[in-house]
Amino acid sequence: MSADKIAGDLKKVLRPQAVFEDEAGRKECARDWWPQTLWWQENKIAAHTPDALIKPANAEELCRLLQWANDRGIAVVPRGGGSGVCGSAIPSNRESIVVKTERLNKVLGMADSAVTVEGGVLGGDLESYLNNRGWSLQHFPAALDISTAGGWIATGSFGQFSTLYGGIGDQAKKIEAALPDGRLVEVEPDDFILSEGTLGIVTKVTLKIRRLPEKYFSLSCEFGAISQGLDFVRYLIRSGIRPAVTRLYDQMEARAGGMARSKYRLINDEAEFKLRCCLLKHLNLVRFLRRLEDKIRSPRPWLLVMVLDETQAQEAEHLVKLLKNEPIKADEKAGEIWLAKRYQWNTDKIMALFNQGCFVDTLDTWAGWDRLGRIYQETMAAVSPYALVMGHISHFTGEGGCLYLIIAGRGANPQDSIYRHQTAWRLAMEACIKCGGLVNHHHGIGFAKLPWISHAYQNSRLDGLRARKKIYDPKGIMNPGKII
Ligand SMILES: Cc1cc2nc3c(=O)[nH]c(=O)nc-3n(C[C@H](O)[C@H](O)[C@H](O)COP(=O)(O)OP(=O)(O)OC[C@H]3O[C@@H](n4cnc5c(N)ncnc54)[C@H](O)[C@@H]3O)c2cc1C
629 MSADKIAGDL KKVLRPQAVF EDEAGRKECA RDWWPQTLWW QENKIAAHTP
679 DALIKPANAE ELCRLLQWAN DRGIAVVPRG GGSGVCGSAI PSNRESIVVK
729 TERLNKVLGM ADSAVTVEGG VLGGDLESYL NNRGWSLQHF PAALDISTAG
779 GWIATGSFGQ FSTLYGGIGD QAKKIEAALP DGRLVEVEPD DFILSEGTLG
829 IVTKVTLKIR RLPEKYFSLS CEFGAISQGL DFVRYLIRSG IRPAVTRLYD
879 QMEARAGGMA RSKYRLINDE AEFKLRCCLL KHLNLVRFLR RLEDKIRSPR
929 PWLLVMVLDE TQAQEAEHLV KLLKNEPIKA DEKAGEIWLA KRYQWNTDKI
979 MALFNQGCFV DTLDTWAGWD RLGRIYQETM AAVSPYALVM GHISHFTGEG
1029 GCLYLIIAGR GANPQDSIYR HQTAWRLAME ACIKCGGLVN HHHGIGFAKL
1079 PWISHAYQNS RLDGLRARKK IYDPKGIMNP GKII
């Protein structure tokens, strides 16, 4: 069916104002924040542009749309804030409709330490609503302002305070979804977590909320080796101390975030930004400077940043005593800097880097305690010839944590940058898998990780998703080409 015919027919089924035909709007849906798409040329964008863009006003209109598409076997791709970094909200190149949930954005009410919202509500709007009433979600992904509740569920999002509060799967009490056959049903939250729009569209979510803390305690300390830092965090967690924010940074990311003692500043003025872009072209020089500085300055390159909220006053007191007895330096400064700058890494900065011919990408891996150190070392070694790598470990549980790597670089020309970007990404995935890690923690799979999907989930989650696909979406119209 042609794009005109799809849009024309949909205008008879939905209100005409729900159907958006303009090319620019549809082309925007051919990208999310998967950095590879920033290299895409016109022909590639055109191939992924949906035939129609629909913004339903309410769940009932959405159900009518789904039923219509299901009857005709037309693909439907749900899209929240479009902040995903793996290309999972981008249509695959077949006849498709993108459904943007931006009009399903109401906060429906608060009761019993929980809030119920529509699936398209933006995280920043929801948090402001709660804060004005003395409450908080305590779910703080770095893209809070541009991501939605439905997107969090679909990607299994984790926020910065997750070592205490867990990920969105731990926060979600109830989920309502619109299914391809047009029904609106309450579903098991665990069924839809990490489903990336392949089962149905999340229309309503009930999430746990907490009293807005008035006070935070921040602490930090340094370690000579990744293994020492990990041992310390494991000891804390196993003794029942879970600082809400627990992040173990390598020196390079600590510096880039302005937290290390060398007092490197953020990329916040043009001259410094240009200098960094230029340095990305000369990886050997950067590495030499880095080694020199390491020698002169810091025998303890790993920085552990911890932030506890006021419900954790006792743990904070205990931790201060514990750190005093340790032969490691402890102070409050790095934690305070972290709190002040925790949203520093945003889409404007990603875009500015690409505009300078550089690339930057992120990889969220998960592994047990005994494997994290090796994954870090091996990935560093594999990727370093092509890009700079830096990272931190966070989102800890009793079993392990998430190693989050940032890769950045710049080739001699755009083709070389694309080659380096793709090679660095592939080598990072392979190194992680070789060391027994999972290549997904909270970003999802999308197009980005599809070739490595069998190394992306714990236990039998992939089998579970496949089984649920047959139940919820037997005709396979929901976000085809992703996961299943
Ligand atoms: C700068 C930056 C920082 C980030 N930091 C974090 C972070 O700290 N933690 C984190 O977890 N993520 C982070 N992300 C990734 C991203 O914000 C998350 O993946 C987020 O959960 C995506 O939500 P969204 O509404 O933007 O979804 P989209 O990008 O629009 O879609 C993502 C997936 O969810 C599906 N989907 C969207 N809405 C629905 C719905 N209502 N029902 C069913 N399926 C739906 C889509 O089909 C797609 O498969 C970051 C991204 C950026 C750009």
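Residues 629 to 1112 (this note's numbering) are what the sequence shown spells out, left to right.
Beta carbons are placed, not taken as given, at the ideal position from N, Cα and C, and that holds for glycine.
Measuring only the C-alpha atoms, how far is residue i from residue j?
i     : j     : result
R893  : R761  : Here R893 scores only 43 on pLDDT, less than 50, and its place in the model should not be relied on; the value that follows carries that caveat. Those two C-alpha atoms are separated by around 36 Å.
M738  : S846  : 30 Å
R1054 : K1077 : 9 Å
A680  : C657  : 10 Å
R838  : Y1047 : 46 Å
G1104 : E723  : 13 Å
G810  : S823  : 18 Å
L1000 : D819  : 28 Å
T1007 : G1026 : 24 Å
K961  : Y1100 : 50 Å
C1063 : G653  : 42 Å
D878  : C1030 : 14 Å
A853  : R928  : 7 Å
E649  : E816  : 35 Å
M629  : P1102 : 21 Å
K655  : N983  : 19 Å
L694  : V933  : 46 Å
C986  : E814  : 45 Å
K969  : N698  : 45 Å
A980  : S1082 : 34 Å
Q1086 : L1066 : 8 Å
G996  : E850  : 22 Å
L732  : G747  : 6 Å
Q669  : W661  : 15 Å
F789  : R659  : 29 Å
Skipping 5 residues on each side, what residues in its chain have a beta carbon closer than 6 Å to that of residue i?
i     : result
D632  : none
A675  : N721
A1010 : L1055, A1059
A944  : F845, L936
N1107 : V705, G825, T826
K1110 : S716, E824, T826
G1039 : S1045, R1048
K802  : T834
Regarding residue i and ligand 1, is the C-beta to nearest heavy atom distance less than 7 Å?
i     : result
T1051 : no
I829  : yes
P706  : yes
K1110 : yes
S711  : yes
T677  : no
A769  : The displayed chain sequence assigns Pro, not Ala, to residue 769. Within the cutoff, so yes.
N733  : no
W661  : yes
N575  : Here the chain comprises residues numbered 629 to 1112, so residue 575 is not present and cannot be evaluated.
T791  : no
N686  : no
T744  : no
A1084 : no
W780  : yes
S716  : yes
E816  : no
I774  : yes
H600  : For the chain, the structure presents residues 629 to 1112; residue 600 sits outside this window and is missing.
Report the option in the options whose CA atom is closest to the CA atom of residue i.
i     : options                 : result
V685  : V727, W667, G715, I774  : Rather than Val, the amino acid found at residue 685 in this sequence is Ala. Of V727, W667, G715, I774, the residue nearest in Cα terms is V727.
S1022 : W930, L981, H1069, R875 : R875
G712  : Y757, T665, L920        : T665
E842  : E938, T776, I803        : E938
L936  : L732, P678, T791, R643  : T791
W930  : L907, W696, V861        : V861
L758  : V743, P1013, G748       : V743
P1042 : Q942, A635, R643, W667  : W667
P1013 : G708, V914, L638, G886  : V914
D637  : T1051, L736, I682       : I682
M887  : L642, H1020, I781       : H1020
D992  : T729, T783, N974        : T783
Q1005 : Y1032, G787, D989       : Y1032
I781  : V745, D1091, W994, L920 : V745
Under 8 Å Cβ to Cβ from residue i, same chain only, skipping five residues before and after it: list those, please.
i    : result
H910 : none
G885 : Y877, L894, I965, W966, K969, Q972
Could you name the residues of the same chain whose beta carbon sits closer than 7 Å to that of residue i, not counting the 5 residues immediately before and after it, in chain order?
i    : result
L967 : Y844, S846, V935
I865 : F1024, G1026
H946 : I869
**Q.** Start-end ranges of the beta strand (DSSP E) lying completely within the segment 997-1024, minimum 3 residues
**A.** Note on the segment 997-1024: whole beta strand (DSSP E) runs with a minimum of 3 residues are 1016-1022, in chain order.
**Q.** Whole runs of the alpha helix (DSSP H) within the segment 1037-1092, excluding any shorter than 4 residues
**A.** You should have 1042-1062.
Q: Pick out the complete alpha helix (DSSP H) segments inside the segment 676-742, 4 residues or longer, and give them in chain order.
A: Those alpha helix (DSSP H) runs which fall completely within the segment 676-742 and span 4+ residues are 687-700.
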